[in-house]
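Colleague: Got a structure for you, questions after.
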Amino acid sequence: MAKRLFIIDGLSQIFRCYYAPFRQLTAPSGEPTRATYVFSNMLLQLIREHQPDYLAMAMDSDEGTVFRREIDPQYKANREPPPEDLIPQIHRILQIVATQGIPILARPGFEADDVLATLCQRLAEQEIDIIMVSRDKDLDQLLSERVRLFDPLKGELFGPEELHKKKGYGPEQAVEVQTLCGDSTDNIMGVKGVGPKKAAALIAKYGSAAAVIEHADELTPAMRQNVLAFAEHLDKTRQLVTLRRDVPLDFDLEACRFKGVDYAALKPIFAELDFRRLLDLAAEAAPDKPSAPITDGTGSTSDRRYILVDNETLFADFLDQLRKQKIFAMDTETTSLRPAEARLVGMSFSWKAHEGYYLPLAGVGNCLPFEPTLDALRPILADATVAKVGQNIKYDLAVLAHHGVPVAGVRFDCMIASFVLDSTRRSHGMDALARELLGVTPIPITDLIGKGKNQISFDSVSTDRAAEYAAEDADITWRLYQELSRQLEGSDLEPLFRETEMPLVEVLTSMEVSGVKLDTAVLARMSRELADRLSDLTRQIHEHVGHSFNIDSTKALSVVLFDELKLPIIKKTATGAGKSTDAETLEALAWQTNHPVPALVKEYRELAKLKNTYIDTLPQMISRRTGRIHASFNQTAAVTGRLSSSEPNLQNIPIRTELGREIRRAFVAADADHVLLTADYSQIELRVLAHFSQDRVLKQAFVEDRDIHQFVAAQVFGVPLEEVTREQRGRAKAVNFGIIYGQSAFGLSRTTGMPVGEAQNFINMYFLRYPGIRLFMDQVIDEAKRKGYVQTILGRRRAIADLHSRNRNARQLAERMAVNTVIQGSAADLIKRAMISIHRRIIQEGRPIAMLIQVHDELVFDTPRAGVEEQADFVRHEMCNALPLDVPVKVDLAWGDNWLESK
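Written out as structure tokens, the structure reads:
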């Protein structure tokens, strides 16, 4: 087997680590360390998982002038200098790399890519596999059977086959493709209007960039003009994009032989930087320690103690130990991901690392008696003085509640702690956190129950195998708690976790367990009506086309619209391979051509989606156990901190169309003596904007309880309030809400129909009238650039990547994201606090009202018809006073027999 040389593309990876979606980090000394941490973690994971035979890092040289600037003085002239806080991190990373005996390869006048190309050339005849740790497209030309790219963040290898599959050309054509494309990032000229896909197609047809120029007469007039204009730059561009394979490099392969992690050399550096987790990872990766516990192939390991508690003697001993604990981790095993449908199969517990207990209540093998076991556990689980730890513990609480087992004293959820610490983390699931924070890969559930049509239920798994899996879950949950609680302790994120996110778990559990009643007769009637309407639309579409076809097939529809009806092509699909038939395209076609088919198809799709997604699906979600729908409310899905829901997704029920609103009629009160009460924050994000911006005029408008859109229109258009037209108010409304999302003049033009120039003038006038808003937005962006993250009113953080990007579009998107996160995230903080306060008082005062639904800025309750006014006043008071804002908070309340009538 060939030896492997891993070469890290140094600066490329360092920059990528700097811009990675990871929380901002600083050492105790104040030294910025995010890029250092991410790079060090990447390096240790690479070493541990791939065990390279040889390891080196290529760097651009700090000395001399890169030879490409001699070819073109404007080469990379558009690049901004690296961010100030990255420079010390580059030096620190080089120090860390050097301590591990990893050679740093560079040569004055050349770039890292040229160093990599030269190494590939020199080692071509040797039995060495070269893996370039990079995802730089410039390296595509080096790929071969023995040379591949490796993306450490995705864990993906990329070779000639993957290049062909993804980009449509081989390594030998990469230079030709790049020559046609140029590279705007490096200020290298290419053919105007030719991107990678078009270039690949041209090279596939003509063979080379020079041949494309020779056959320019065969191209479209516009393309021919652009190709011929580029002809004089061809040689220069080719020289710039071609990597040099003859760098006079002092290279000794044996010097790159990697002898393993030098823990002693890393320890003082990581200790200084407070990289405690990486110290553990370094210890595991060091050659004098095993990288992982030795397994026997079934998941059991030599350094852990997992106990199957499957008889009365063992259970008595377990119970005696459990009663002594002040805090423990717990987990449930069930037959369904839906708590209202799930049958409890077993429970697992842990209060010491590498130890776990599994209590089987069902399964193949000896099991504990179901009810007596739960009866014995009830006092401990209900004891609020005994702290409980979990991973997505809301699920376990809901399952146990449906089995009549209340749980109190919930103190820590690892999933939520992960989300609070870093909302941009790719996954907050246990498996991902275990791999990242513990260096452990848990037993996959599919190892026990299988996949697809052969999948079995967990109660069909032998208790021996279930014990290994379940006890490991509890053990890992306990170990994640130890690590994540350490990260939270004393941080400015701890109050958000302790005072908002964890108390909210109890609130959401209560809402999910309560569920909401559904009137299936309403949905059945709507389904029949929509079926008739869809049938009529199908008939009309087919008549206009002249034949029948599958309207649901985008391919068939594309043929009809563009090949048969000869309608103009508005845009291509995301892959560029087809003609788009999305809603935006259909709307544009209907407006531009006046042909009836696009509008009819658009209506058909909207109605079909309503029918298939909600009207026909909602009845299937009714629990057989309770007769109600039990949505799941998710705390960790939206990086802004907003809640979302699933099964069903209540946020996505349309409210702007009459039919969409009609779906809400099916959500009804518990019985004739109850009503649904809705409480909706009025323009809460604009009020949050007024609070943060401290804009005097905007604040005054809310203090005086003005119609904010009419008020803004009067200010911007310079007319009295009473003379504001409906169109003017509509434009002001579009800008008011567009500002929160960083809407551009082009975006405003599309939403209002006004010309782009007029839209820009409107935005300029808006900021002139409300200077505090512009100042606030600039301050948010400046602070985000400085810190790498933004914060909400309760201190929730979101790391914002690309704020220093050289790509203008990416940078502007990041700036919009920064402002929106502060506003939307703070509004989310507000309603969460309100929900906690309302729930707490309902429990303490025994109020006959139940919170059922949360959608955006709206809460829905079930309450007795008698006394609804009192409950409405109570809800309004708690929502208006959830957090102190510098402007009045307004809540609109209504009630009725169903959700629609309560709006």
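So for the sequence shown, numbering that gives the first Met the number 0 puts the first residue at 0; every next one is plus one.
Using N, Cα and C, we set each Cβ at its ideal position, and we do this for glycine too.
#1: What's the gap between the Cα of ILE822 and the Cα of ILE392?
#2: Bridge partners for PRO359 per DSSP, in chain order?
#3: Assuming VAL818 contacts MET878 under a Cβ cut-off of 8 Å, what Cβ separation, rounded to an integer in Å, is found between them?
#4: May I have the straight-line CA-CA distance separating TYR894 from LEU688, to the nearest angstrom?
#5: Can you tell me which of ALA282, ASP150, GLN23 and GLU488 puts its alpha carbon nearest to the alpha carbon of GLY438?
#6: By DSSP, does SER60 sit in helix, in strand, or in coil?
#7: So, helix, strand or coil for LEU851, using DSSP?
#8: Let me check understanding here. Comparing Cα to Cα, which of GLY108, PHE157, MET188 and CYS366 lies closest to ASN77?
#9: Leaving out the 5 sequence neighbours to the left and right, which residues in its chain are closer than 6 Å to GLU354 when beta-carbon positions are compared?
#10: Is it right to say LYS601 is buried, meaning 16 or more other beta carbons lie within 10 angstroms of its own, or is it exposed?
#11: Just list the residues that DSSP pairs ASN897 with in beta bridges.
#12: Hey, how far is the Cα of SER513 from the Cα of ALA400?
#13: Within 8 Å of any Cβ in chain B, is that where the Cβ of VAL388 sits?
#14: Report yes or no: do three or more beta-carbon pairs, one from the segment 263-275 and one from the segment 9-27, lie closer than 8 Å?
#15: For LEU336, is the classification buried or exposed, using 16 other Cβ atoms within 10 angstroms of its Cβ as the cut-off for buried?
#16: Indicate the three-state DSSP secondary structure (helix, strand or coil) for PRO31 in the structure shown.
#17: Taking its Cβ as the centre, do 16 or more other Cβ atoms sit within 10 Å of LEU767, making it buried, or is it exposed?
#18: For ASN611, which beta-bridge partners are listed by DSSP?
#19: Pull up the distance between the alpha-carbon of GLU646 and that of ASP52, whole angstroms please.
#20: In terms of residue numbering, what span does the beta strand (DSSP E) encompassing ILE7 cover?
#21: Exposed or buried, PRO289, counting other C-beta atoms within 10 Å across all chains shown (16 or more means buried)?
#22: By Cβ distance, which residues of its chain are closer than 6 Å to VAL734, with the 5 residues on each side in sequence left out?
#23: Taking contact to mean at least 3 C-beta pairs separated by less than 8 Å, is the segment 410-429 in contact with the segment 627-636?
#24: Thinking C-beta only, is PRO170 closer than 8 Å to LEU179?
#25: With 16 as the cutoff for other CB atoms within 10 Å, does LEU447 come out buried or exposed?
#26: Rounded to the nearest angstrom, what separates ILE306 and ALA466 at their Cα positions?
#27: In this structure, does DSSP put THR572 in helix, strand or coil?
#28: Assess, as a yes-or-no matter, whether the segment 513-530 is touched by the segment 657-670 under the definition of 3 or more beta carbon pairs within less than 8 Å.
#29: Return the first residue and the last residue of the beta strand (DSSP E) that HIS673 is part of.
#30: In its own chain, which residues sit with a C-beta less than 8 Å from the C-beta of ILE799, not counting the 5 before and 5 after it?
#31: Within 10 Å of its beta-carbon, does SER301 have 16 or more other beta-carbons around it, so buried, or fewer, so exposed?
#32: Considering only the alpha carbon of each residue, which of GLN99, ARG425 and LEU4 lies closest to ASP251?
#33: Among the candidates MET58, ILE127 and GLU657, whose CA atom is the shortest distance from the CA of ILE92?
#34: In this structure, does DSSP put GLY298 in helix, strand or coil?
#35: Do you know offhand how far GLN44's Cα is from ALA285's?
#36: I think THR677 touches LYS902, with their Cβ atoms under 8 Å apart; what is that distance to the nearest whole Å?
Modeller: Result, derived from the coordinates:
#1: 29 Å
#2: GLY345
#3: Wrong, their Cβ atoms sit about 25 Å apart, outside the cutoff.
#4: Note on identity: in this sequence residue 894 is Trp, with Tyr being the wrong assignment. About 29 Å.
#5: ALA282
#6: coil
#7: strand
#8: MET188
#9: ARG304
#10: buried
#11: VAL667
#12: 10 Å
#13: The chain labelled as chain B is not found in the depicted structure, where only one protein chain is given.
#14: yes
#15: exposed
#16: strand
#17: exposed
#18: Answer by DSSP bridge pairing: none, since ASN611 is not bridged.
#19: 49 Å
#20: 2-8
#21: Its pLDDT being 34, under 50, PRO289 is placed unreliably in this model, and the coordinates cannot settle the point.
#22: TYR765
#23: yes
#24: no
#25: buried
#26: 7 Å
#27: coil
#28: yes
#29: 673-680
#30: ALA783, GLY787, TYR788, VAL789, ALA813, MET816, ALA817 and THR820
#31: Unreliable positioning characterises SER301 in this predicted model, as indicated by a pLDDT of 47, which lies under 50. A coordinate reading is not provided.
#32: LEU4
#33: MET58
#34: With a pLDDT of only 38 at GLY298, under the threshold of 50, the placement of this residue in the model should not be trusted, and no figure is reported.
#35: 12 Å
#36: 6 Å
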